[in-house]
Each structure stands twice: as structure tokens, then as C-alpha cells.
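Those protein sequences? They're chains A and B, same order as listed. Residue 201 in my numbering sits at position 186 of the first sequence, with consecutive numbering throughout. Residue 727 in my numbering sits at position 302 of the second sequence, with consecutive numbering throughout.
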Amino acid sequence: MAEREYPGAVRGTPIADDGDEFTFCSTCAFSAACLSEGYDKSQLRDLHVLVEHVGPFREGDHIFREGDPFNAIAAVRGGTVKTYVNDASGREQVLGFFLPGEVIGLNAIASARYPCNAVALDTVMLCRFSFPMMATLASRMPGLQRHLFNLLSQDIGKASLLAGNYTADERLAAFLVLLSRRFAERGFSATRMRLTMARTDIANYLRLAPETVSRVLRRLQDEGVLRVDRRDLEILQPAVLGELAHHVLRD
Amino acid sequence: MGAPGSLIRVNAAPCGVPHTARMQTTTFPGQSAAWTFDRDLLRRYDRPGPRYTSYPTAPQFTGDFGEAGFREAARRSNEEPIPRRLSLYVHVPFCTSPCFYCGCNRVITRDAGKGVAYVERLRREIGMVAPLFDRDREVVQLHLGGGTPNFLPPRLVGGLVDALAGAFTFSHDPARDFSIELDPRHVTPDDIAMLSAIGFNRTSLGVQDFDPEVQAAINREQGVDETLAVIEACRRYGMRSVNVDLIYGLPKQTLEGFGRTLDTVVAARPDRLAVYGYAHMPRLFRAQRQIREEDLPDAEARLALLGLAVEKLSAAGYEYIGMDHFALPDDELSRARREGGLHRNFMGYTTHAETDLVGFGVSAISHIGDSYSQNRRDLPSWEADIDAGRLPVWRGMWMSRDDVIRADVIQQIMCQGEVDVRRIEKAYGIPFGEYFHAELAALRQLQEDGLVQCPPGTIRATPRGRALLRIIAMCFDRYLDNQGEGTRYSRTI
Numbered sequence: 016m017a018e019r020e021y022p023g024a025v026r027g028t029p030i031a032d033d034g035d036e037f038t039f040c041s042t043c044a045f046s047a048a049c050l051s052e053g054y055d056k057s058q059l060r061d062l063h064v065l066v067e068h069v070g071p072f073r074e075g076d077h078i079f080r081e082g083d084p085f086n087a088i089a090a091v092r093g094g095t096v097k098t099y100v101n102d103a104s105g106r107e108q109v110l111g112f113f114l115p116g117e118v119i120g121l122n123a124i125a126s127a128r129y130p131c132n133a134v135a136l137d138t139v140m141l142c143r144f145s146f147p148m149m150a151t152l153a154s155r156m157p158g159l160q161r162h163l164f165n166l167l168s169q170d171i172g173k174a175s176l177l178a179g180n181y182t183a184d185e186r187l188a189a190f191l192v193l194l195s196r197r198f199a200e201r202g203f204s205a206t207r208m209r210l211t212m213a214r215t216d217i218a219n220y221l222r223l224a225p226e227t228v229s230r231v232l233r234r235l236q237d238e239g240v241l242r243v244d245r246r247d248l249e250i251l252q253p254a255v256l257g258e259l260a261h262h263v264l265r266d
Numbered sequence: 426m427g428a429p430g431s432l433i434r435v436n437a438a439p440c441g442v443p444h445t446a447r448m449q450t451t452t453f454p455g456q457s458a459a460w461t462f463d464r465d466l467l468r469r470y471d472r473p474g475p476r477y478t479s480y481p482t483a484p485q486f487t488g489d490f491g492e493a494g495f496r497e498a499a500r501r502s503n504e505e506p507i508p509r510r511l512s513l514y515v516h517v518p519f520c521t522s523p524c525f526y527c528g529c530n531r532v533i534t535r536d537a538g539k540g541v542a543y544v545e546r547l548r549r550e551i552g553m554v555a556p557l558f559d560r561d562r563e564v565v566q567l568h569l570g571g572g573t574p575n576f577l578p579p580r581l582v583g584g585l586v587d588a589l590a591g592a593f594t595f596s597h598d599p600a601r602d603f604s605i606e607l608d609p610r611h612v613t614p615d616d617i618a619m620l621s622a623i624g625f626n627r628t629s630l631g632v633q634d635f636d637p638e639v640q641a642a643i644n645r646e647q648g649v650d651e652t653l654a655v656i657e658a659c660r661r662y663g664m665r666s667v668n669v670d671l672i673y674g675l676p677k678q679t680l681e682g683f684g685r686t687l688d689t690v691v692a693a694r695p696d697r698l699a700v701y702g703y704a705h706m707p708r709l710f711r712a713q714r715q716i717r718e719e720d721l722p723d724a725e726a727r728l729a730l731l732g733l734a735v736e737k738l739s740a741a742g743y744e745y746i747g748m749d750h751f752a753l754p755d756d757e758l759s760r761a762r763r764e765g766g767l768h769r770n771f772m773g774y775t776t777h778a779e780t781d782l783v784g785f786g787v788s789a790i791s792h793i794g795d796s797y798s799q800n801r802r803d804l805p806s807w808e809a810d811i812d813a814g815r816l817p818v819w820r821g822m823w824m825s826r827d828d829v830i831r832a833d834v835i836q837q838i839m840c841q842g843e844v845d846v847r848r849i850e851k852a853y854g855i856p857f858g859e860y861f862h863a864e865l866a867a868l869r870q871l872q873e874d875g876l877v878q879c880p881p882g883t884i885r886a887t888p889r890g891r892a893l894l895r896i897i898a899m900c901f902d903r904y905l906d907n908q909g910e911g912t913r914y915s916r917t918i
């Protein structure tokens, strides 16, 4: 697949918008799971499962809140979504970031309510996969539910990696390497990306102070490993960054 | 062609053509980027326009931006992965006597108490504004302008800088740029010593013209000796760069008198010189009404005065930075220009790129992220806001994506004299030729007049064009009604 510019570039977006009521978009996050279980869009509609484009959500808009009844998962089509919970003292704890092509709401799939909040960090477009009743998935489409659980386990995987006893450099390197892989998987550039999340969010997610995030980035920049220009980040020495992240990512 | 570093003057006088139509160009090949002072061209393009210390320019700011906009801008600027470092500007509007040419924001008074009260309120403004910026964002640049910053005695300036140092994190890097504008008539060598101890490492001195006739006409009597003493004191107390301001086009100004001023100033060898053209706009600037229009040099005389300045400065080894600024080859501005590290902000040309600018005091302008804002322009309104615990924001704006792109292009023109078209295309994901279709059409007129060349992938000012960077930049200013303006002016001879 040809390398494409980072999300947000004016010149085209890798997330296609070529579907309609009857056909999935060519890049749909849900089509593989559905079609492999034998569901096309009209069959889904017969089961009252709707696959529809929603948005735009503006920066700060919530897509769902902790405790809301669970009735949909959604794939990000444009923008960035942050999930978080509030801890016992009311402080925000960032759980993760979701890039175009990734699915939010999966961690609610085994319960009746969303266990966290999801907020748009910039202008967000979603493809919402909604079911009128939780029971529909479990009873009528167990195969599909299993597919969606698979997506969830990948999600859990990436979150736990950053909780261990690692240095700030290692955590930040792992964060950037994972971002880079996720972008690359979607056909975006592996080395040029836009950090749409605020530094306090990155810091929160990595359990670091915001100043530390900047200090590490500045040092990596001085060493020529990467280059930061406002929100744009370019990885100049992927091998060096990979080496730094190796301990955390163990791959 | 002469040896590098020498002057070449070309006088072309076609037979039978009257004296006034004789074309005169002066070329300076010895400089690291040759530029040509072409009177004919300057004559034709002598039109008013913005100085592009910002884009969009201040007239585009609106009143709905307000305190909320400023707070939002500060918040957003803290959230970048590596938040920008800071430049601080403090405006001191007071002057003890009015210079008639001045259009700056100022308050004429001899009451030192006004300065004390002003600094008190500045402390409060600092107390409200500084906490909006994360403490790991270092201050790498500080500038005191006015008015007359040295209206405040050094101890008061010290208190002000202490307040800033406590509320912000000052960089300890010796490359930091802490500068102050000074009126040499009201500052002593001891004052300079104290200012240096406070942390200032660069000064800018007003001179304008030493000719007594001119000084009387502009109400600014300033002796040569006292000025030279101040320059010497700046050197003695470690100011690493001294700038002198001169103005051409002042009432009663003559080539002889201005020439003597230039010789005197050049002999003192300031690191930088700014040579401004006087803009007579008495309807806008009250003090200028005291200048008699009959005393003003006409357009030809202005050009001759500018030409004389350019000639003498270049002969003395000064390099042309852009707009009206000159600097010695070893000055950091010259080095920055050669290496591509030159930028332009409200303080003029600067080596410090990529900082957010926070302005304090009456009329001060801030540039935070993609926003601009300006404080109240009159003292009573600024005081009222501070006293009520409000940020004294008068107007401002958020830059659109188009503004950001054009600002980049204009910055390149004003600082490098050249636009790297491919870089703009890549950075913003736009096809330059399509996006700037109308602007490039306007640029063609300038191309025909020899101001710019457009080889593939570049827009470059020619040696002639380097004296008219503003005119080139104006092609990309969407807020000017300038599409096709180039065609409105007919060619002379």
C-alpha cells in the first residue's frame, strides 16, 4: 500500500466514504466481521442493527459517558477520540486514544453500560454500529460478537503495556512506536504523524508529568531521533526509537 | 565589475532624455546577498502598505475575541507536545516631551508618579496573565518598548523585571535576548550599568537626525556627545548589540545635514541601524500637526536621502537585513539572515523563532499559537480593566488555515526574500499554483518590473526586489484590495 500523508492533511483521507444503506464502505472497520458471519448491510438492518455515519463531534463533545446504557460501538472515521475515567478523587485518568479506523465502545460489549467516557479531541467523524438491544448480539449473532471480542483483546493488549515500571524515555518511545504502527496499518505514514492529543493527555496516559513528556521529546529532538513542529511529529531514526521501546513492547 | 566589496554605481542617461528621467541604480555585490537600490523602481512602488510585523495585520483584529479568547489561546498553547518558549513585550507609554514625528502609542507627562502607578498595575497584569502559561516554558526574549522605557528609573525597571522573573521562568541561556529602547537624552551611563545588571543585553537608541534645524522642527533636541556617551556606555556595560534609529523625510532635512548625521553615527559603529521613512499622517497622529508640510522633503528628496543612507551604510560595511534594517556582518541578525534563521515579529527582525509573544501594558500585542490579541490602546481603559481584575484585552483574532499559510509565505518573503514553494506545498498539502492563482497573476507584474524571479519551485526577490520586500509580500495579503493593483500603475518612460 502506498504511503499516505498523516490524517488531517487536506489532500484526501484514507478512510473511504463510498458506502450506502446497502453496501459497506470499502474501508469499513466492521465489514470483515459482518461479512465473514454472513451479514451484509440489509440483513443487519433487518435485525435492527444500524451501521451509519455520525458526526461531526466537536472538540470536547462526549460520544458516550460512563454509565450510559450500552447500545453501540463506533469506528473512528476522522479525528481522535480519548477514553477516560474519573478516579475516586475525581481526577481524570486517560485510558487510551483512538485513531481513524479504530473502534470505541468495545469494552462495554460484555456489560449493559459503558465503563468509561469517550470524548472528541478534535473534529471527529464516526461510523456507529448500533443495536437496539444488547441481547441481539449475544443471542442472534454470537459469531459476530466473537469477532468483536477479538478486536477488544487487541485493545487491552496495548493499554497494559504502559503501566509497568519503565523509564519516561521508554514509555514515550513505546507510545510513539505503537502510534506509528497503528497509523501505518491504516495506510498512513509510519514516520510522520500529527499528535492531536494534548500533552497533558499523553502525560496522563503514560503516568508522567507534562513537563517530562516535553523534556523527553526535546532531548530526542536534540539527538536527532525525531523532529517536532507544533503538533506534527516526524520520526527521523525509527530504529533508535524502536530500540528504546523494545523493553516495553517486548517484540 | 569592481572587486568584491566595492561600490558600483551605474548612471544610465539616454541621449535627449531630461535630467529628471535619468535612471540611477546602485548595486552592492560585496554583500552576501547582492541587492540593488533602484530609484526608478522605488519611485514607482512608493506606496503605503503594512510592515508585516504580523499577518494578518492589527486592523483585522476584532472586539469579540476578548479575555475568553486570550485564555483559550494560552490554554491551547500549553497543550502542544513541546510548548513554544516565550517572548515578553512590555509597553511603557510615557514620554516627557512630544517628538512631533511620532505615531506611537504614548502619554506625555513629567510626573514620575505616573510611572510608579503604571508599574503597580503592570504587576497586577503579570499576576493575572503569567499563571496562564505553563512554567516549563522559558522566556528567551524580553523587550521594553514605548514611549520611553527609560521614563521609568532603573530601580523601577528592576522591580518590573523581578516581577516577570518571579512569575515566569527566565532562560539562563546567554543567547537570550533582553532588550530595551532608550532615549539617550534621559539616560546616564550609570543607568546603563544598572540596566545591564538587571539583565538587559541589547539596546535601541533613538537619534533620527543630529541636524539642529531638523531637531528644532521635530521638537527633539539631542546632542551628539550625549548620544555617543550612551553608545559607549552600552558597550562598556556589556550590551552585545546597540541599534540606532534614524528617520529620513523629516521636516527641514537636507542631504548635507543628514549626511553629517550618517557619518557621525557610522563612526560610532552601532551594531544595527534602522532607517525609517517618515510617514506624514497628521489626521491619524495629532503631534504631527505641528509639522509644517512645506518643510517636508518631497518624494524625490526622500529618495535621495534614503539613497544617501544606503550608500554610506553599505560603504561602511553594513548589510541590509530587510525592510529598513541594517546590521554589521558579525551581528547575530546578519548571521541569522545568511543562515536562514531570521524571523520577524512585532519587535521587528529577530533571531528567536517559534516563540509565543505575550504583551503587557497599554496597546501591547500578543501572538499566542494561531491567535493575535491587543491590549486596550488608551491608558484609562487599560487601567479600568486591571482595576476590575479583568485581562485588558481589547481585540484579537484566530488565524484561519488560509491566514497561517499566507503568514508563512509572507514571513519567508520578508526574512529570506524567497519562498520555497515545495516546502509550502508539502507542509500544508496544497497545490501552490492553484491555491495562489490570483496572487501569482499579480506577481507577474512585479516579475516584469524585475522585482522577482520565479524559477520552478521558488519565488525569489531579485537584487532590486530586496529593497521592496513589502511590495512582494503585499501580493499575498488577502486583506488588501490588491488584485491587479500592479496593473493600475503605468510605467514611466
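Each residue gets a CB set at the ideal place from its N, CA and C atoms; glycine is no exception.
So with Cβ pairs under 7 Å, would you call residue i a contact of chain A?
{"i": "Pro506(B)", "result": "yes"}
{"i": "Asp795(B)", "result": "no"}
{"i": "Asp781(B)", "result": "no"}
{"i": "Asp561(B)", "result": "yes"}
Does any CB atom of chain B fall closer than 7 Å to the CB of residue i?
{"i": "Leu232(A)", "result": "yes"}
{"i": "Leu264(A)", "result": "no"}
{"i": "Ser229(A)", "result": "yes"}
{"i": "Arg19(A)", "result": "Because the pLDDT of Arg19(A) is 36, which lies under 50, any placement of that residue in the model is unreliable, and the question is left without a value."}
{"i": "Leu210(A)", "result": "yes"}
{"i": "Ala213(A)", "result": "yes"}
{"i": "Arg245(A)", "result": "yes"}
{"i": "Glu185(A)", "result": "no"}
{"i": "Glu226(A)", "result": "yes"}
{"i": "Pro147(A)", "result": "no"}
Decide if residue i is buried, meaning its Cβ has at least 16 other Cβ atoms within 10 Å, or exposed.
{"i": "Glu843(B)", "result": "buried"}
{"i": "Tyr514(B)", "result": "buried"}
{"i": "Lys56(A)", "result": "buried"}
{"i": "Arg560(B)", "result": "exposed"}
{"i": "Leu164(A)", "result": "It is Phe, not Leu, that sits at residue 164(A) in the sequence shown. Phe164(A) comes out exposed."}
{"i": "Arg73(A)", "result": "exposed"}
{"i": "Arg580(B)", "result": "exposed"}
{"i": "Met899(B)", "result": "buried"}
{"i": "Asp636(B)", "result": "buried"}
{"i": "Met706(B)", "result": "exposed"}
Which residues does DSSP pair with residue i in a beta bridge?
{"i": "Asp781(B)", "result": "Leu511(B)"}
{"i": "Gly821(B)", "result": "Thr487(B) and Ser798(B)"}
{"i": "Asp244(A)", "result": "Asp247(A)"}
{"i": "Ala133(A)", "result": "Phe79(A) and Thr98(A)"}
{"i": "Pro84(A)", "result": "Arg128(A)"}
{"i": "Cys520(B)", "result": "Ile533(B)"}
{"i": "Cys142(A)", "result": "His68(A) and Ala90(A)"}
{"i": "Ala886(B)", "result": "Val877(B)"}
{"i": "Asp670(B)", "result": "Gly631(B) and Ala699(B)"}
{"i": "Thr594(B)", "result": "Glu563(B)"}
Are the beta-carbon atoms belonging to residue i and residue j less than 7 Å from one another?
{"i": "Cys524(B)", "j": "Thr573(B)", "result": "no"}
{"i": "Arg155(A)", "j": "Phe85(A)", "result": "no"}
{"i": "Gly821(B)", "j": "Phe486(B)", "result": "yes"}
{"i": "Leu577(B)", "j": "Gly631(B)", "result": "no"}
{"i": "Val243(A)", "j": "Leu256(A)", "result": "no"}
{"i": "His611(B)", "j": "Asn575(B)", "result": "yes"}
{"i": "Leu894(B)", "j": "Ile838(B)", "result": "yes"}
{"i": "Trp460(B)", "j": "Pro888(B)", "result": "yes"}
{"i": "Thr780(B)", "j": "Arg510(B)", "result": "yes"}
{"i": "Ala31(A)", "j": "Ser46(A)", "result": "no"}
{"i": "Leu110(A)", "j": "Cys131(A)", "result": "yes"}
{"i": "Leu191(A)", "j": "Arg246(A)", "result": "no"}
Taking 6 Å as the line, does the beta carbon of residue i fall inside it for any heavy atom of the ligand MG?
{"i": "Asp463(B)", "result": "Annotation note on the ligand MG: not contained in the displayed structure, which lists no ligands."}
request  = Could you tell me which uninterrupted alpha helix (DSSP H) segments, each at least 4 residues in length, are contained entirely in the segment 695 to 752 of chain B, listed from first to last along the chain?
outcome  = Scanning the segment 695 to 752 of chain B for uninterrupted alpha helix (DSSP H) segments of 4 residues or longer gives 724 to 740, listed from N- to C-terminal end.
inquiry  = Ignoring anything shorter than 3 residues, give me the beta strand (DSSP E) runs that lie fully in the segment 198 to 241 of chain A, in order along the chain.
reply    = DSSP runs (the beta strand (DSSP E)) wholly in the segment 198 to 241 of chain A: 207 to 209.
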